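Heads up, the thing below is written out as structure tokens.
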Amino acid sequence: MKKLHILVVKSYAGPFVMTFFIVMFILLMQFVWTYIDDFVGKGLEWYTIAELLIYASANLVTLALPLAVLLSSIMTFGGLAEHYELVAMKSSGLSLIKIMMPLIIFSGMLSLGAFYFSNTVSPYATLKFKSLLWDVRKKKPTLDLNENIFYNGLDGYSIRVDKKEEETDILKDLIIYRHTEDQPGNRHVIRAKEGKMIKSENGRYLTLELIDGVSYDEAGNRRQQKNVPHITSEFERDLILLDLSAFDLQRTDEDLWKNHMKMLSMGQLQITVDSLETQKLKRKNDFLNYMNRLVSLNDTMELMPGIEVAGTASFDSLTTLEQRRVVNVAINMTRNAKNYMSRTKEEMKGRIEYINKHKIEWHRKLTLSIACLLLFFIGAPLGAIIKKGGLGLPVIFSVIFFLVWHISGIAGEKMVETGVLSPVEGMWLSSGILFPISLFLTYKAAKDASLFDRDTYSKLMDRLKSFFKKKSHRPVA
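Following our numbering, the numbering of the sequence shown begins with 5 at its first residue and continues without gaps.
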């Protein structure tokens, strides 16, 4: 028995590791192509890109792990059935459940690990990933001057180069516009026949050496002064010191994102949801108290200045002018109440949506671990039924069931956000769809049913054809 269990585990371990890393690589490449425009031309260090990819990989585990479990289980039991090893085990008196038992235990441990990962590691990785990606997106491109194109990456400067010699880094025919806050516009222009860029040892500053040029400067402000002096100066050699600190990757404080719902564990999410529910209830009570005070006014005339009412007065006892004033006050009060109700309705709708988003993340941490178990109980019986290993037919079936799980999960989440379903119904929709499928396939595989045998369906079709032929040739009384 132990040797058979070791055989099953070894047969499963290889495909699982292989499919997991293949799926992770495909998803990671998709991530790279999605954000490639944010990386190119910014001179990022290799360790910065590696750090970003590691954090992105941690977030992709939620997609790669269920697909790896499904595909590897189909490949394992499909290969055992294809080489009649599964038949030999069953002929020795072992049921399918007993053969699957070591992998069931492994899948249970994997589900617990997936829960720990989604509850602890994934929020931390998401926080790091979002923070670093934000910093990378804000980082300015590296200083790269192209011929006959104005470069505006340096604060306060706009530089154009007519020709750039790659071997010597000599710049020909430079035009530099200098912009300052107190002197906006192109009021300070420098033109030089030749120039060269020299970086400091620490890379923080760049010295632009200009040779044989002219500087044009307008002092004063044309909007405030009619006559503005124009200064022209020639130079043989001039130096401009540029600060390159803006091109460095500036790390943002992670505290700005740490309270986001995706960066919280289940315990933190529950505390946040309870706090939000308390605030929503308080806001609801404030609204009801306001409306009760508004509706329970004994008499609208009490709010009318200049109208003295002795004892009990009726509306008909007032003059026409006083009646109009009373009606106008009532209309204004009604209009204000209606507007207040509309604003409160939109506010409560936003509060409910915000709370539901936290509940979605709370349930998401459980659905991943449950999905690993359900997809195993779909993949293992399915492989035993189709009796095919390798990467052919198992890949087709695994992609189909994975899309069913993934698409139903996305649809359920969207219906929760729109208020069609509750968070429990929406987030467990995909698991509710997969659960009966897993029971059905496990039952059929345990009974050795020919679910995908062509001959079985051919015989069934022949029986149906013969049944309808007999019915059509039956004599009419």
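Ideal Cβ placement from N, Cα and C applies to all residues, glycine included. Given the structure is predicted, the values throughout are model-derived calculations rather than measurements.
Buried versus exposed, by CB contacts within 10 Å (16 or more), residue i
{"i": "I78", "result": "buried"}
{"i": "A314", "result": "Because A314 sits at a pLDDT of 49, beneath the cut-off of 50, its placement in the model cannot be relied upon, and the point is left open."}
{"i": "Y16", "result": "buried"}
{"i": "H192", "result": "buried"}
{"i": "A60", "result": "buried"}
{"i": "M431", "result": "buried"}
{"i": "K363", "result": "buried"}
{"i": "L114", "result": "buried"}
{"i": "M305", "result": "The predicted position of M305 is uncertain, since its pLDDT is 47 and thus under 50; a value taken from the coordinates is nonetheless stated next. Per the 10 Å Cβ criterion, buried."}
{"i": "I163", "result": "buried"}
{"i": "G396", "result": "exposed"}
{"i": "M345", "result": "exposed"}
Proximity of residue i and residue j at Cβ, strictly below 7 Å
{"i": "F291", "j": "T348", "result": "yes"}
{"i": "I409", "j": "S434", "result": "For the sequence presented, residue 409 should be read as Trp rather than Ile. Yes, the pair counts as a contact, with Cβ atoms nearer than the cut-off."}
{"i": "A68", "j": "V125", "result": "no"}
{"i": "A341", "j": "L298", "result": "yes"}
{"i": "S122", "j": "L372", "result": "yes"}
{"i": "M270", "j": "K369", "result": "yes"}
{"i": "M465", "j": "K361", "result": "no"}
{"i": "C376", "j": "A118", "result": "yes"}
{"i": "L489", "j": "L56", "result": "Residue 489 lies beyond the stretch modelled for the chain, which goes from 5 to 481, so this question has no answer here."}
{"i": "H9", "j": "P106", "result": "yes"}
{"i": "L379", "j": "V73", "result": "yes"}
{"i": "F81", "j": "A450", "result": "no"}
{"i": "E86", "j": "K391", "result": "yes"}
{"i": "R195", "j": "Y161", "result": "no"}
{"i": "L386", "j": "L445", "result": "yes"}
{"i": "E151", "j": "K168", "result": "yes"}
{"i": "I108", "j": "M93", "result": "no"}
Residue i: first and last residue of the uninterrupted beta strand (DSSP E) it sits in
{"i": "L11", "result": "First-last for L11: 6 to 38, but that is the alpha helix (DSSP H), not the beta strand (DSSP E)."}
{"i": "H264", "result": "Element bounds for H264: n/a, residue is neither H nor E."}
{"i": "S162", "result": "161 to 168"}
{"i": "E198", "result": "192 to 203"}
{"i": "I180", "result": "174 to 182"}
Bounding residues of the alpha helix (DSSP H) (the contiguous stretch that carries residue i)
{"i": "Y120", "result": "100 to 120"}
{"i": "L379", "result": "324 to 390"}
{"i": "V73", "result": "50 to 86"}
{"i": "V403", "result": "397 to 421"}
{"i": "Y447", "result": "433 to 450"}
{"i": "S95", "result": "89 to 95"}
At least three beta-carbon pairs within less than 8 Å, the segment 210 to 220 to the segment 236 to 244: Taking a contact to require three or more Cβ pairs closer than 8 Å, the segment 210 to 220 and the segment 236 to 244 qualify as touching.
Contact between the segment 396 to 403 and the segment 416 to 430 (3+ Cβ pairs under 8 Å): Contact between the segment 396 to 403 and the segment 416 to 430 is absent, because fewer than three Cβ pairs lie under 8 Å.
Cβ pair count under 8 Å reaching 3, the segment 352 to 366 against the segment 51 to 60: In this structure the segment 352 to 366 does not lie against the segment 51 to 60, because fewer than three pairs of beta carbons, one per stretch, are closer than 8 Å.
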